[in-house]
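Numbering of the sequence shown is given in our numbering, commencing with residue 79 and proceeding in unit increments.
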Amino acid sequence: MFVVLALFALLAVWLLAARAQSEKRYTRAFFSMSTMVDQKAYGSKAEAAMDEVEAAFAAFEAALSFYDTNSDIAAINAAAGGEPVSVKPQIITLLQEATRLSAQSDNAFAITLAPLSLAWGVTSDTPRVPTQAELDALLPLVNDADIEIDAAAGTVRLAHAGQAIDLGGIAKGVACNLAREIYGKNGVESAFISIGGNVYVHGKKPDDSAYRIGFRDPTRDASASIASFVMEDKVIAVSGGYERFFEQDGVRYHHILDPKTGAPAQSDIVSVGVIDADGGVADFYSTTLFVWGKEKALEFLSEQGGGCGILLDAENNLYVSKALETSFELVEEGYTVFFI
Ligand code: AMP
Ligand code: MG
Numbered sequence: 079m080f081v082v083l084a085l086f087a088l089l090a091v092w093l094l095a096a097r098a099q100s101e102k103r104y105t106r107a108f109f110s111m112s113t114m115v116d117q118k119a120y121g122s123k124a125e126a127a128m129d130e131v132e133a134a135f136a137a138f139e140a141a142l143s144f145y146d147t148n149s150d151i152a153a154i155n156a157a158a159g160g161e162p163v164s165v166k167p168q169i170i171t172l173l174q175e176a177t178r179l180s181a182q183s184d185n186a187f188a189i190t191l192a193p194l195s196l197a198w199g200v201t202s203d204t205p206r207v208p209t210q211a212e213l214d215a216l217l218p219l220v221n222d223a224d225i226e227i228d229a230a231a232g233t234v235r236l237a238h239a240g241q242a243i244d245l246g247g248i249a250k251g252v253a254c255n256l257a258r259e260i261y262g263k264n265g266v267e268s269a270f271i272s273i274g275g276n277v278y279v280h281g282k283k284p285d286d287s288a289y290r291i292g293f294r295d296p297t298r299d300a301s302a303s304i305a306s307f308v309m310e311d312k313v314i315a316v317s318g319g320y321e322r323f324f325e326q327d328g329v330r331y332h333h334i335l336d337p338k339t340g341a342p343a344q345s346d347i348v349s350v351g352v353i354d355a356d357g358g359v360a361d362f363y364s365t366t367l368f369v370w371g372k373e374k375a376l377e378f379l380s381e382q383g384g385g386c387g388i389l390l391d392a393e394n395n396l397y398v399s400k401a402l403e404t405s406f407e408l409v410e411e412g413y414t415v416f417f418i
């Protein structure tokens, strides 16, 4: 009898220990894709998975970087107008996905914007305002239909000399998909990753409550939220002119360009977050909606439009997709909320 009881006691201790282990929270922070990446994950598999995410992001950035001359993207750009360039299969897939999406943007999103991004250099150490003549000369180079992808041969070619690809508008969202894969493969049941404000939430917290996500107050530091809502197994990508900009002669120039003008998009949106199960899709839409402007963006985010997200305008109106209504909470005063 005593032995049986002792065995039961041991089993109970073991179960409790296993449970505590699965509920233990680990965190990691590192720098990638020009921004801070923060991870939180629970359980015994968490640390290995988070290390793998960090390594995968480094490889992803090395293949993608627009500035790193050794990257696959830099090789494609350097050979523009010349011979096709062999690239990694992931780059083929990514470019297929990016061009499929940009074709739906009504000319608001273009990964061939790179010559213009370079001319402005908003995210570089030496930003400047290009002349209208410069913009006019570069604009004809912006055309995602000029990206020739030969999936069978594993090559990519840009049709004209001077053309270049910049995946900055979807890279962070696609990286969220990479994190999802790695958490899943490692058996992590609960995790959270933020890549410069683009967030992926994997499952629920160990106590079965959902992760609550903040929608950033663009006028304050990154930790201040206007509102919050819950999310599970989804990505939110946020775009806004406040994220990266420079000022010259009292004018603010931000990093989201309008492919039609080659200049920073004259948007009536302050900030827009798009939620989707696919990070690349969410990130594509966040940038696209910002360029589209409020009217068209609200159509997309409304119940009829089928999109999901949050939009803030300059009058402190906060438009929230109906799908978020049940968990939505305003945490700062001074905003008018519309569920759409
Ligand atoms: P996001 O923060 O996701 O809106 O992406 C902004 C980044 O995407 C910029 O830093 C540029 O690298 C790139 N970008 C800017 N404007 C566009 C655009 N209209 N279409 C595609 N990519 C863009
Ligand atoms: Mg984006």
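The beta-carbon is built from N, C-alpha and C at its ideal position, and this holds for glycine as well.
- The beta carbon of P337 sits closer than 7 Å to at least one heavy atom of ligand 1.
- Here DSSP, grouped into helix, strand and coil, assigns M128 to helix.
- In the three-state reduction of the DSSP assignment, I334 falls in the coil class, being assigned neither a helical nor a strand state.
- Inter-segment contact for the region 189-204 and the region 215-225 is present: three or more beta-carbon pairs are separated by less than 8 Å.
- Less than 8 Å divides the Cβ of L216 from the Cβ of G340.
- D244 counts as buried, since at least 16 other C-beta atoms from the protein chains shown sit within 10 angstroms of its C-beta.
- For T190, the shortest C-beta to heavy atom distance toward ligand 2 is 7 Å or greater.
- Pairing E132 with N264 gives a Cβ-Cβ distance that is not under 8 Å.
- Its chain contains A186, D336 and A343 as the residues whose beta carbon lies nearer than 6 Å to that of V369, once the 5 sequence neighbours on both sides are disregarded; these appear in chain order.
- Contact between the region 224-241 and the region 156-168 is present: 3 or more CB-CB pairs across the two stretches fall below 8 Å.
- For S317, the shortest C-beta to heavy atom distance toward ligand 2 is below 7 Å.
- Runs of the beta strand (DSSP E) lying entirely within the region 232-305 and spanning at least 3 residues, in chain order: 233-236, 269-273, 276-280 and 289-294.
- Looking at I353, E259, G247 and H332, the one whose alpha-carbon comes closest to that of F378 is I353.
- Given a length threshold of 4 residues, each whole run of the alpha helix (DSSP H) inside the region 342-395 is given here in chain order: 357-370 and 372-379.
- At the C-beta level, D327 and G281 stay beyond 8 Å of one another.
- Taking C-beta separations shorter than 8 Å and ignoring five residues to either side along the sequence, the partners of I418 in its chain run L376, L379, S380, E381, Y397, V398, S399 and K400, following chain order.
- Not a single heavy atom of ligand 1 lies less than 7 Å from the C-beta of A375.
- According to DSSP, V415 shares a beta bridge with L396.
- Unbroken alpha helix (DSSP H) runs of no fewer than 4 residues, entirely contained in the region 167-229, are found at 167-180, 192-198 and 210-216, following chain order.
- Where D116 is concerned, there is no enclosing alpha helix (DSSP H), although the beta strand (DSSP E) around it starts and stops at T113 to Y120.
- Closest in C-alpha terms to G318, from the list I388, I189, A230 and M114, comes I388.
- At the C-beta level, M309 and Y331 stay beyond 8 Å of one another.
- In the structure shown, F135 falls within a helical segment according to DSSP collapsed to helix, strand and coil.
- Judged by the Cβ position, S349 fails to qualify as a neighbour of ligand 2 at the 7 Å threshold, every heavy atom of the ligand being at least this far.
- For the 8 Å CB-CB criterion, D146 and A152 form a contact.
- Annotation: the continuous beta strand (DSSP E) that includes A315 extends over K312 to G318.
- By the neighbour-count criterion, in which 16 or more other beta carbons inside 10 Å mark a residue as buried, K372 falls on the buried side.
- Membership of A156 in the alpha helix (DSSP H) is indicated by the continuous run D150 to A156.
- Judged by the Cβ position, G357 fails to qualify as a neighbour of ligand 1 at the 7 Å threshold, every heavy atom of the ligand being at least this far.
- I248 has its CB nearer than 7 Å to a heavy atom of ligand 2.
- A contact between stretches requires three or more CB pairs, one per stretch, nearer than 8 Å, and the region 287-307 fails this requirement with the region 164-180.
- By the 16-neighbour rule on beta-carbons within 10 angstroms, N394 is exposed.
- In this structure the region 112-124 touches the region 271-278; the number of beta carbon pairs closer than 8 Å is three or more.
- Note on geometry: alpha-carbon atoms of T233 and R298 lie some 44 Å from one another.
- Contact between V277 and I248 does not hold, since their C-beta atoms are separated by about 15 Å, which reaches or exceeds 8 Å.
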